[in-house]
Structures are given as C-alpha cells and as structure tokens.
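Novice: This is the structure I have questions about; it appears just below.
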Amino acid sequence: MYEPKFTPPATAGTNPPEVLSGSVEESVATSSTVAKSGLAGRLAVGGLVAVLGLGGAYAARSAMNGPAGPASSDEAVTLFFEALDNDDLVGLVEVIHPAERESIAEPMFAMLDHSKRLEIMAETADGAPPMIDFEVDGLTYSVEATGPRLHYVTTTGGTVTTPDDVAFPAGPLFDRFDIDVEDSVGDSVTTEDLGENPMKMAVVEEDGSWYVSVWYSVAEDARREAEKAFPGVGSGPAPVGAASPDAVLEDMLKAMADLDAEGVLTLLDPEEAGALYDYHSLYMGPINEGLAEMEAEAEAADAEWSLDSIDFEAVESNGRQIARFVSMEASFSVTEWDGTVISGSIKMSDGCAVVAVAEETIDSCEAETDERAAEIKRIQDGLLEIADLSSVTLDAFDRLSAVETGFTVVERNGRWYLSLMPTVLESVNDHLAVLQPEDLVAMGTDIEELIEDQERVGEELVDLLLGSDFELLAGGVNPIIPLGEPASNNFVPVSPPITIEPDDLVDSDDDWDWDTPELGELEDLLVPNDGAFALSSDNTYLSWEIDMTQTPAYVRGAYVFGENDSLEVLEFAGPIDPGLFDENSWNLTDIDGVVVAEHEFFGQQVAFVGNYVVWSVGTSDDTQMFFDQIVALQ
C-alpha cells in the first residue's frame with residue numbers, strides 16, 4: 002500500500018470505491034481547508050505546472066525518487082487534494098505523472114534555484130511560498146473510468162477561495178532598486194463554485210501506479226469537446242527514435258521533407274509525449290489530409306524538393322545532451338506552364354546562407370565587404386560608447402552569447418528522441434546558470450543611468466545615425482525570383498529578376514521583356530478611372546490563378562485604377578470557362594445573369610461577361626467600380 006509522506010487530515014465521509022470500467026462514482030474530499038493559489042481554472046492541472054515551479058525544490062526532488070505512486074485513481078485524487086490541503090509540494094509531486102516531473106517539474110525547480118541564487122526570490126524555507134494561498138471547502142468530485150488505464154475526474158461541488166492580493170517572495174534584488182513588493186496578502190477574497198465551474202483532470206495508470214497528468218488532461222478535454230471515441234492509453238504508434246543523439250533532428254527534418262507526420266511523431270520522447278502518441282488518431286487524419294493536398298498541388302505544378310544533406314552535432318550541456326545545427330543543403334524545382342523548369346538550392350552552414358534560383362544567387366556572408374563590415378563595426382562601437390555599459394554588464398553579455406543552444410534529446414531503451422519541454426525550459430536555465438547576482442545589479446544600474454541620461458543618449462544616437470552610410474549598409478538587393486503559389490492546373494508563374502539599388506529603383510519594361518499589346522478598342526469600354534495601362538497575357542492576376550493554355554486566345558488587357566478599387570479588364574477570343582477556377586478556393590454565384598467568382602479567403606471578385614473577364618484587385622468594401630465595369634461591358 003502506498004504511504005504518503007505526510008499525515009493526511011481527517012476525512013469527512015467515506016473514501017469512494019474503486020471505479021469500475023465505464024462507471025461514474027461521486028467522491029467526497031476532505032472537510033478541512035485546502036490551501037493554494039487560484040480559482041477553478043487555476044486549480045486545473047495546467048495551472049499545477051506553475052505551482053510546482055514555485056515550490057520547494059529540494060523537498061520536491063526528493064519525492065521524485067520516492068516509493069511507487071498511488072495504487073488507484075481514487076487514491077491519487079484523494080492524495081492530490083490532501084496535498085493541497087497541507088500546502089505539501091512533496092505530496093503534489095508524488096501524484097504527478099513521472100514523465101511530467103522530469104520534463105516540467107525538474108526544469109522549473111532549477112529555475113527556482115536560479116531565482117534564489119540570483120536574489121530575484123527570497124531564500125525562503127522549502128515548501129509552498131506565501132504567494133500560494135487558496136482554500137477549498139466541501140469538495141466533491143466524480144471519477145469516470147474512461148478506459149482501463151485512464152480515469153477522468155470532475156469536481157461536482159464545493160468552493161474555492163483565493164485572495165485577490167497575493168504576496169511575492171521578493172529577493173534582495175528588489176531592495177537594491179527600491180522596488181516595493183507587498184509582503185502580506187490583503188483581506189479581499191474571491192470565491193467560486195466548483196460545481197458550476199468544475200475542475201477536470203485525467204488520472205493515468207503507469208507501471209501499476211496512478212498519476213495526475215497535465216498532458217493527458219489537455220488531450221482528454223480536447224477529445225471530449227470533439228466528441229470522438231477514446232483511443233486508449235498505449236494505443237499509439239510504436240516509437241522509433243534515432244540511433245544517436247545527433248541523428249534525432251536529422252531524421253526528423255527528413256521526415257518533414259517527406260511530409261511524414263507520423264515519422265515526426267515517433268521521434269518525440271514517448272514518455273513525455275505519451276498523450277500525443279495515444280491520441281494520434283484524433284489529429285493525424287486531418288494533418289495527413291492537409292499534407293496530401295499539399296503534395297497533390299506540388300505534383301500538379303510539377304514542383305519537387307529534396308533535403309540533400311542535413312547535419313547536427315551532439316554536445317553535453319549542464320548534464321544533458323543537446324543537438325546543434327551544423328549544416329543543410331536542399332534543392333527544389335518547379336515547371337512553368339510552357340515547360341520551362343526553374344530550379345534552385347539552399348545551403349546553410351557556419352552562420353551563412355546561400356540561396357540560388359535560376360541565375361540569381363544570394364550569399365549572406367559574401368555581402369559582408371570590408372567597407373560594409375567596417376561601417377557596421379563603427380556603428381556598433383558607437384552604440385556601446387553611447388550606452389557606456391559597465392564592464393560587468395559587457396562580460397555578462399559575452400557569457401550569455403557563448404551559451405550552447407540546441408534541442409534536448411533523451412535516450413529511451415537504446416534509442417534517442419527529441420524532448421520538447423526541456424528544450425525550452427532548460428534553455429532558460431542554461432542562460433541563467435552563467436549569471437551572477439552582481440550581473441543583474443550591473444544591468445539594472447546601467448538601465449537606470451540610461452533612463453536618467455536619456456536626453457544625451459537621444460542626441461548622440463541621432464548624430465550616430467545621421468553620420469551612417471546607409472547606402473553602403475544596404476548594398477545591392479538581388480531578390481530571388483518569386484515563385485508563385487502553385488495552382489492546381491500546372492501553371493506556376495515566375496517573375497523575371499529585378500536588381501534593386503538604394504538610389505536607383507528599376508521599373509523598366511526591358512527587365513520584364515513584355516510583349517505588350519495596345520489597348521485598342523478596349524480603352525473605349527473602360528469605366529471612368531484615374532489611369533490605365535496595357536497588360537500582356539502572362540502579366541495578369543488571372544494568369545496566376547488558371548492555366549492560360551486552356552483559355553481562348555488572349556486579345557488584350559488593361560489594368561485600371563480608381564480611388565477605391567483597381568481592376569483587370571481582359572478580352573479573349575471567346576468566353577472563358579469559370580470552371581477553370583479552383584473550386585476549393587473560389588465560390589461561383591450568378592448575379593443577374595453574370596457569373597461571379599469570389600475568393601473564399603482573400604475576397605477578390607472575378608466576373609465573366611461574354612468574351613471579357615473583370616478582376617477586382619482590391620478587397621475594399623467599395624466595389625462600385627467593379628460593378629460599373631460589368632454593366633459597361635454588358
């Protein structure tokens with residue numbers, strides 16, 4: 002029998018019986034007061050994560066190596082509320098799922114240690130700090146056996162009371178900068194009914210013991226809201242993992258490139274991400290449908306891509322393995338409607354990126370000419386001189402920038418997996434670990450001095466910027482050829498490259514090599530406007546949306562702009578079939594005998610009037626120009 006590490010208070014009523022599969026039983030919690038912060042929402046297991054991060058680190062860590070957990074779901078729930086009753090962080094940790102202790106609680110305990118060491122929080126005794134304080138009275142709850150290994154708990158009665166003003170255990174750092182923090186809570190409180198606003202949580206069986214789980218609670222709530230069938234604990238795909246710590250992210254990016262969602266999932270830590278594994282049937286279908294649509298669109302556009310090489314390296318950081326990015330090479334190609342193949346590549350390594358498409362190349366490091374680098378350094382030195390930061394602050398910045406960053410990977414049964422929460426939380430701890438209290442004092446002092454001397458700082462900053470060579474900093478911008486959104490009809494337009502210089506913006510027909518027809522008779526059919534110019538067949542919005550090889554011969558076109566709207570008015574040798582528009586993106590309606598297509602997401606409208614097509618470029622509420630043009634063509 003599991004023995005809690007504290008003496009539970011006397012209970013009012015009997016403990017509920019063991020729940021049978023599918024049954025629902027109502028339980029009565031302790032009659033004594035439960036103390037902790039938060040209303041019903043904060044009582045939810047998601048809020049428990051924050052509570053654990055504020056508890057006693059040493060005592061809670063000792064619980065992680067304690068005896069096996071509660072023997073039943075009911076015992077886990079009872080001990081959970083009894084721990085709240087006693088402000089017992091040890092008891093709370095003992096009933097939390099072991100994988101969540103490791104991935105959430107341990108990193109947050111480390112943050113607490115750093116907060117105390119850096120004098121952000123006071124060195125209080127282990128246990129719940131004074132800012133945590135709530136009372137639960139007359140609590141009752143139901144336990145539903147959703148499956149053999151997951152039971153669902155819902156409060157059915159009782160109240161939770163929390164003070165409106167709570168105290169933060171401020172450390173000496175606050176005193177150093179004369180920041181007042183209330184050291185006692187006020188008398189004002191808020192009470193909420195746990196029957197009307199119930200708290201809900203999932204209790205999961207693991208290795209014969211039952212634990213409250215954060216992630217299973219989130220997943221089960223989502224399942225119930227979606228009214229889907231319960232998949233069952235342990236029903237997920239078999240974890241695959243990688244052969245080495247550096248291969249985890251390599252394999253994951255390869256799976257992403259292959260649009261293999263399940264391949265990505267099976268590289269996640271199966272203990273931490275157990276809920277994602279078990280509930281994968283609820284979300285994997287829609288994900289795969291979306292990926293299939295993406296693949297179909299790419300195939301229709303003759304678009305291909307490949308991850309040619311990917312390299313990560315594994316290093317140790319504060320007792321754990323992290324995978325750091327080293328290099329990557331990828332290539333892609335897309336075929337235009339006329340058969341022209343546009344290909345490109347992306348290479349990343351040593352902090353540099355080289356992107357090449359057709360005959361255009363951008364090398365992020367090559368742009369750093371000697372003159373440009375010297376100008377950047379001059380500005381950086383000028384900013385540091387203006388800020389006049391202390392040597393302590395500068396040294397702290399150097400240490401922070403030298404911190405190893407990457408993705409946390411863990412070993413399970415000889416295979417390696419990505420661990421999500423530690424990747425985020427432990428990264429914060431890695432940066433906190435290199436700081437000392439005097440670093441924060443120096444940073445705060447520098448900020449105070451900058452604020453006090455803001456007039457001088459502003460004047461010197463303006464002088465520095467006015468004296469900068471922005472043309473040298475900007476350099477020539479050679480944009481990569483924009484690849485248009487692949488349409489479902491094999492047509493992917495590719496705009497010719499334009500070289501843009503800071504003082505010489507090029508907007509020349511020669512760069513586009515347009516074969517521009519005259520407006521001719523079309524000009525007489527245009528509604529009053531502020532200007533119009535001719536369009537070639539491959540320089541229209543319409544050509545970005547449909548396969549122009551499937552339309553009658555293009556005669557002429559005009560771009561027309563007015564005060565509130567802009568139009569394309571295009572003439573063809575015969576009527577265009579509105580069915581050429583993608584039915585997944587466009588809705589077709591008949592307005593007074595004229596077929597109008599409206600984009601489902603962006604709101605553009607296209608009208609088909611005999612041999613003419615009118616495209617409303619803008620999405621303004623004022624579309625009078627669009628309708629006037631339709632009438633003029635009729």
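Position in the sequence shown counted from 1, then plus 1, gives you the working numbering.
We put the CB at the ideal spot given by N, CA and C, even for glycine.
Treat the numbers as computed from the prediction; the structure is a model and nothing was measured.
#1: In angstroms, rounded to a whole number, what distance separates the CA positions of valine 182 and serine 318?
#2: Would tyrosine 1 and threonine 160 be called neighbours here (beta carbons separated by less than 8 Å)?
#3: Report the three-state DSSP secondary structure of leucine 637 (helix, strand or coil).
#4: Do leucine 441 and leucine 174 come within 8 Å of each other at the CB atom, strictly closer than that value?
#5: Under a three-way DSSP split, which group does proline 9 fall into?
#6: Does the region 292-302 come within contact of the region 224-238, defined as at least 3 CB pairs closer than 8 Å?
#7: Would you kindly work out how many angstroms separate the C-alpha atoms of threonine 156 and valine 96, rounded to a whole number?
#8: Helix, strand or coil for methionine 202 per DSSP?
#9: If distances are taken between C-alpha atoms only, which option among Asp399, Arg557 and Ala598 comes closest to asparagine 588?
#10: Just confirm the distance between the C-beta atoms of glutamate 207 and proline 99, as a whole number of angstroms; I'd bet it's less than 8 Å.
#11: Can you tell me the Cα-Cα spacing of aspartate 548 and valine 358, whole angstroms?
#12: Can you give me the C-alpha to C-alpha distance between proline 494 and aspartate 591, rounded to a whole angstrom?
#13: Round the Cβ separation of aspartate 252 and alanine 243 to the nearest angstrom and send it over; I've been treating them as touching at under 8 Å.
#14: Where does serine 189 land, buried or exposed, given buried means 16+ other C-beta within 10 angstroms?
#15: Quick check on DSSP: helix, strand or coil for glycine 159?
#16: In terms of residues, what are the limits of the alpha helix (DSSP H) holding leucine 421?
#17: Determine the burial state of glutamine 625: buried for a count of at least 16 other Cβ atoms within 10 Å of its Cβ, exposed for fewer.
#18: Give me the DSSP bridge partner(s) of leucine 568.
#19: Quick check: the Cα distance between glutamate 124 and glycine 92, rounded to an integer number of angstroms?
#20: What first and last residue would you give for the beta strand (DSSP E) that runs through threonine 336?
#21: So, at 7 Å on beta carbons, what are the nonlocal neighbours of alanine 220 in its own chain, with the 5 sequence-adjacent residues on each side left out?
#22: Hey, could you find the ends of the beta strand (DSSP E) glutamate 412 is sitting in?
#23: Apart from the five residues on each side of it in sequence, which residues of its chain come closer than 8 Å, Cβ to Cβ, to valine 595?
#24: Do you know how far the Cα of glycine 237 is from the Cα of serine 32?
#25: Note down the Cα distance separating alanine 304 from arginine 413, rounded to an integer number of angstroms.
#26: Report yes if the CB atom of valine 411 is closer than 8 Å to the CB atom of serine 402, and no otherwise.
#27: For a minimum of 4 consecutive residues, which ranges assigned as the alpha helix (DSSP H) are wholly contained in the region 201-247?
#28: Using only the alpha-carbon positions, how far apart do methionine 257 and tyrosine 284 sit?
#29: For asparagine 585, count neighbouring C-beta atoms within 10 Å of its own C-beta (all shown protein chains included) and say buried if the count is 16 or more, exposed if not.
#30: Give the DSSP-derived three-state secondary structure of glutamate 251 in the structure shown.
#31: Quick check on phenylalanine 627: buried or exposed, where buried means 16 or more other Cβ atoms within 10 Å of its Cβ?
#32: Just the Cα atoms here: how many angstroms apart are glycine 415 and threonine 192?
#33: Please work out which residues of its chain come closer than 7 Å, Cβ to Cβ, to leucine 292, disregarding the five sequence neighbours upstream and downstream, and give them in chain order.
#34: Quick check on glutamine 635: does DSSP put it in helix, strand or coil?
#35: Does DSSP put aspartate 138 in a helix, a strand or coil?
#36: Look at the alpha carbon of aspartate 270 and the alpha carbon of tyrosine 278, and state the distance between them as a whole number of angstroms.
Specialist: Looking at the atomic coordinates:
#1: 35 Å
#2: In the structure as shown, the chain begins at 2 and stops at 635. Residue 1 is therefore absent and cannot be evaluated.
#3: Lying outside 2 to 635, the shown extent of the chain, residue 637 is not represented and no answer is given.
#4: yes
#5: Only weak support is given to the placement of proline 9: the predicted model assigns it a pLDDT of 32, under 50, and the question is left unresolved by the model.
#6: no
#7: 18 Å
#8: strand
#9: Ala598
#10: 7 Å
#11: 23 Å
#12: Because proline 494 carries a pLDDT of 37, less than 50, the predicted location of this residue cannot be relied on, and no value is offered for it.
#13: 5 Å
#14: exposed
#15: strand
#16: 421-434
#17: exposed
#18: Val561 and Ser617
#19: 22 Å
#20: 321-336
#21: Ala276 and Tyr280
#22: 408-413
#23: Ala608, Phe609, Val610, Ile631 and Gln635
#24: Because the pLDDT at serine 32 is just 31, under 50, the model does not fix this residue reliably, and the value given afterwards should be weighed accordingly. Their Cα atoms are separated by approximately 40 Å.
#25: 38 Å
#26: no
#27: 215-227
#28: 17 Å
#29: exposed
#30: helix
#31: buried
#32: 50 Å
#33: Leu260 and Ala262
#34: coil
#35: strand
#36: 10 Å
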